[in-house]
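Peer 1:
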Amino acid sequence: MRAAVLIAALTLTACTPQEFADDVARRAARTVVLPVVQQYMPGPAAEGVTVCIIDNASAGELSSLARDVGVRAGTTTVQTVLAVAQRPATTQCILNSGLPLLRG
């Protein structure tokens, strides 16, 4: 029991407030990006492409995308998703995953 408590305490201290905030922003942004990507491709492919987009978005873009949680994505949000999807690193991630490129 003590070992489990010690491991839990060490795990919690390893996560800084900034890492926690970044994780929350990434998760929130994902809930916004996925429906946008699903407008262009089916479910399983959309999931993988969403991961690549989130992984290649800047902190500012993630924050901006996360603000659209719970509302329908507007024009600016869709443009941000498509812009990140067209970046070389994102394109490479998508291709390496064997997924179709997002065409907007």
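Counting with mature numbering (1 follows the signal peptide of the UniProt record, and there is no 0), you get residues -21 to -1, 1 to 83 for the letters of the sequence shown.
Beta carbons: idealized from backbone N, C-alpha and C, even for Gly.
1. As a quick exercise: from G27, S42 and A4, pick the residue whose alpha carbon is nearest that of L13.
2. Shortest alpha-carbon distance to D1 belongs to which of A24, S43 and V50?
3. Under the three-state reduction of DSSP, which class applies to A65: helix, strand or coil?
4. How about A64 and I32: do their beta carbons lie closer than 7 Å?
5. Taking Cβ positions, are L61 and A4 nearer each other than 7 Å?
6. What do you reckon, are the CB atoms on L52 and V15 nearer than 7 Å?
7. To the nearest angstrom, report how far apart Q(-4) and R82 are at their CA atoms.
Peer 2: Walking through what the data contain:
1. Stepping through the sequence shown from its first residue, residue 13 is reached at position 34. Nearest of G27, S42 and A4 to L13, Cα basis: G27.
2. Stepping through the sequence shown from its first residue, residue 1 is reached at position 22. The option with the nearest alpha carbon to D1 is S43.
3. As a first step, residue 65 is located in the sequence shown; it is residue number 86 there, counting from the start. Before going on, a small fix: residue 65 reads as Gln here, not Ala. In this structure, Q65 counts as helix in the three-state DSSP scheme.
4. In the sequence shown, residue 64 corresponds to position 85, counting from 1. In the sequence shown, residue 32 corresponds to position 53, counting from 1. It is a contact, given that the beta carbons lie within the stated cut-off.
5. Here residue 61 refers to the residue found at position 82 when the sequence shown is read from its first residue. Here residue 4 refers to the residue found at position 25 when the sequence shown is read from its first residue. Taking C-beta atoms as the reference points, L61 and A4 fail to come closer than 7 Å.
6. Looking up residue 52 in the sequence shown gives position 73. Looking up residue 15 in the sequence shown gives position 36. The amino acid occupying residue 52 in the given sequence is Ala; Leu does not appear at that position. Yes, the Cβ-Cβ distance between A52 and V15 is below 7 Å.
7. In the sequence shown, residue -4 corresponds to position 18, counting from 1. In the sequence shown, residue 82 corresponds to position 103, counting from 1. Approximately 33 Å between the Cα atoms of the pair.
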